[in-house]
Ligand SMILES: Nc1ncnc2c1ncn2[C@@H]1O[C@H](COP(=O)(O)OP(=O)(O)OP(=O)(O)O)[C@@H](O)[C@H]1O
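Residue numbers (full-length UniProt numbering): 1 to 924.
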């Protein structure tokens, strides 16, 4: 490209002079540069705007020329031209001009104007070069000029168009101006926004700084975290390695297990295949079975349809029949209701018949298992509502193992003290109507006798036994009747221990006070001895009808017997053996009495024990007697229980005769008193006769020795009475007044041998079923026999052997031997016709007196021996006994001393029981 700049462009545009040759151009513009084109021709003329570059080129060219001058002076011109050719082409036009000027200057300096050939050639070449360059430049100027001309025209036409357009768009210009204004406003707004944004930007920058700080802090944290993370990573890696090792181990194990389980799976697969085969077979068989069942079901459906029809038919028939049955049933229900009332009436009537017959009532009570005892093993099989009891033998099975017993009532283990008492209450209340009542508890040790009679805990009303409840009830009843009848009530508590009778308490207040004050000691002392002694609480009642002045007397004996099996099990010696023998004796005597009564024997051996003596009025008289048979349900006690039940069954068959109330009209009482005084005089006479007889006998004995069979026996009984004949008049003018039966009783009673045999025979007959009881009866008899061997026929000695020497006199006295009127008393007791309450000497009071206070009798008999309290008794009890005895003596003394005393002595001779007038004191 060729540019026109500087003076050339100026020349072209203003003067437009057309240079006629290259020299002119070069002269006009010494700075004009002419560049050779690549093809060796100058293609442009350019101003050398860098003088330094041009100067450098010029110097180089000149130096080259001078060099060539010196060096190549001899070279031909062609050769020089060839060498110059490259430099010419590459040199600028200005440097060429300079070269020309130099050459010319040099030639002028030489003054001859002579130019060396070589320089001239060079000059020619340079000029040619410059001419060539100028001509090409001029041509391009022409072309450009033409081009500019075309362009000028074009622009002028455009200018014209634009001018026309400019006039047409002035209005639009206004709009555009307006828009421009708007745009300006927008621009200012934008600028403001921009400012704001700049502020924002500043803020953002600040924030950015802050965040950068944060970022740097975070980066630090990150660094730290990275460090810890790396540490952690390291730890993890070590852990991972360890776990990897473990896992590898486990993997090994698992692989082993896997292979094992694979084997098992294979086994199971084979097993399951065999099973599935079996199941398939089964399925097939079931299918066959189901098909057959389905078939039979179809048949059944058909059959059931027909049956349904039949059933509906029969239902109709049944409903009709049911209707008829309903009608009949209604009638039956009515009848059943009546039946129950009839049954109740029957029971009542039965009881009345029993009352009339005077049967001993027997209630059986079964105690519950004690804590610690196994409740599974019980002998009690069934308890009926009407007194049936079935016991099972644990050693047998089948029918033989069961035994049925029937009593008036059976109380199960769950029966309460209240329930037991309610069934006993009517009997107890009849005491206030003048009846003698005896309630005794019989059974083996630990069967619940004391529980029933006394109760386990007297401080709790609920636990009160029959004794406390009876006393409470009697006192309350007597209080409620006080407007029509005044009652005098006396309570005695007696214990028969080793055949000695001990009056423990004679006053109900003392009973209650000692019970309350000294409960623990008293209770313990009593319990200790309970198995080895018979305890008897006696309530004497005397009532006076305020209207008729009639007097009624009743007595209630509440007896807790000693354990029935004690002797059987006893392997005791010494004191315990003695106790056992006494218990044996008394229980066997009770058995003898009961069996004699059951067989309606003419003789009933009451005298064989203190127990039977004390209970005589309640067993043989017109008394109401109830026996509680206590059972232990434990299988270990089965045989004991069965023998107890057999004994009880026997007892329940005993008829005592209809009970009779001891009521006396005023006349009767007066007569009784006369009879009593007469008896007293007779007794005195008898005593005198006895003394005379003794005197006579001693005189005869002296004369004839002691060989008389009549008086040979030392038994005063034989001596005094002998076997009387009916109607025989007793010495002293007193008719025996006894029937044949009474006489024989009397005889039997006095003949110990006969009595023993008789009782034994009775026992043997009646006790076939009661082997166990028989055993202890025999045991007791052995003791008696031992005594008999030593002194045959000597009753005193025999008794001394049985009861111990210290009690000999006492026993003789108690049994009536050695007492002149004993025969009479015995006859009274034996005679069933004589009531204990109607005969003074044979009354319960006198018997109790007689039994309780042998020392009194001894005094009467002028005996010198006095029984002491047995040393075997526990000390507190001894004190009690002594206290009670002395108190009773005092009471007797006072009643004797003053007939107007509030305490009334009953029984004649001041030997009765002291009644306490003020019964209100006894409210419990
Ligand atoms: N019905 C009953 N309910 C609860 N416990 C009873 C019953 N009967 C008896 N027991 C308990 O059985 C045990 C023995 O009773 P208990 O002392 O009355 O017999 P026992 O026949 O009088 O004996 P022992 O002949 O030795 O005097 C006691 O612990 C008593 O509390």
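The C-beta atom is built at its ideal place from N, Cα and C for all residues, glycine as well.
Between the alpha carbons of residue 471 and residue 539 lies a gap of roughly 8 angstroms.
The DSSP assignment places 485 to 497 as complete runs of the beta strand (DSSP E) inside the region 438 to 498, in order along the chain (cut-off: 3 residues). Between the beta-carbon of residue 635 and that of residue 378 there is about 7 angstroms, and that keeps the pair under the 8 angstroms contact cut.
Taking 8 angstroms as the cut-off, the Cβ atoms of residue 643 and residue 391 do not count as close. With respect to the C-alpha of residue 486, the residue from 588, 544, 413 and 605 having the closest C-alpha is 544. Residue 439 places its beta carbon less than 8 angstroms from that of residue 466. Inter-residue distance for residue 366 and residue 684 is about 53 angstroms (C-alpha atoms, whole angstroms). DSSP lists 493 and 558 as the beta-bridge partner residues of residue 537. A Cβ-Cβ distance of about 28 angstroms is found for the pair residue 398 and residue 630, leaving them out of contact under the 8 angstroms criterion. The closest heavy atom of ligand 1 lies 7 angstroms or more from the beta carbon of residue 361. Taken from the Cβ of residue 373, every heavy atom of ligand 1 lies 7 angstroms or farther away. The C-beta distance from residue 130 to residue 93 rounds to 6 angstroms, short enough to meet the 8 angstroms contact threshold. Within the chosen limit of 7 angstroms, ligand 1 reaches the beta carbon of residue 447 through at least one heavy atom. Around the CB of residue 638, 16 or more other CB atoms lie within 10 Å, so the residue is classed as buried. Residue state for residue 543 is assigned as strand, using DSSP reduced to three classes.
Counted as a single uninterrupted DSSP element, the beta strand (DSSP E) harbouring residue 390 occupies residues 388 to 392. Assignment of residue 433 by DSSP, reduced to helix, strand and coil, places it in the helix class. Remark: the shortest separation between the CB of residue 368 and any heavy atom of ligand 1 falls under 7 angstroms. Residue 407 has its alpha-carbon roughly 7 angstroms from the corresponding atom of residue 652.
Counting along the chain, residue 625 sits inside the beta strand (DSSP E) bounded by residues 623 to 631. Between residue 598 and residue 654, the gap from beta carbon to beta carbon is short of 8 angstroms. In this structure, the straight-line span from the alpha carbon of residue 456 to that of residue 417 is close to 10 angstroms. Contact between residue 431 and residue 554 holds, with the beta-carbon distance rounding to 4 angstroms and staying under 8 angstroms. If you draw a straight line from the Cα of residue 187 to the Cα of residue 172, it is about 21 angstroms long.
Per the C-alpha coordinates, the member of 437, 469 and 435 positioned closest to residue 451 is 469. Not one heavy atom of ligand 1 is found less than 7 angstroms from the C-beta of residue 412. In the DSSP annotation of this structure, the continuous segment of the alpha helix (DSSP H) that includes residue 593 starts and ends at 574 to 598. With fewer than 16 neighbouring CB atoms inside 10 Å of its own CB, residue 334 falls in the exposed class. When distances are taken from the beta-carbon of residue 378 to the heavy atoms of ligand 1, even the shortest one reaches 7 angstroms or more.
According to the DSSP assignment, residue 404 belongs to the beta strand (DSSP E) that extends over 402 to 406. With respect to residue 626, residue 341 sits apart: the two C-beta atoms are not nearer than 8 angstroms. In this structure, residue 451 has its CB closer than 7 angstroms to one or more heavy atoms of ligand 1. Distance from the CA atom of residue 240 to the CA atom of residue 259, rounded to whole angstroms, is 27 angstroms.
In terms of Cβ geometry, residue 535 and residue 443 do not form a close pair [threshold 8 angstroms].
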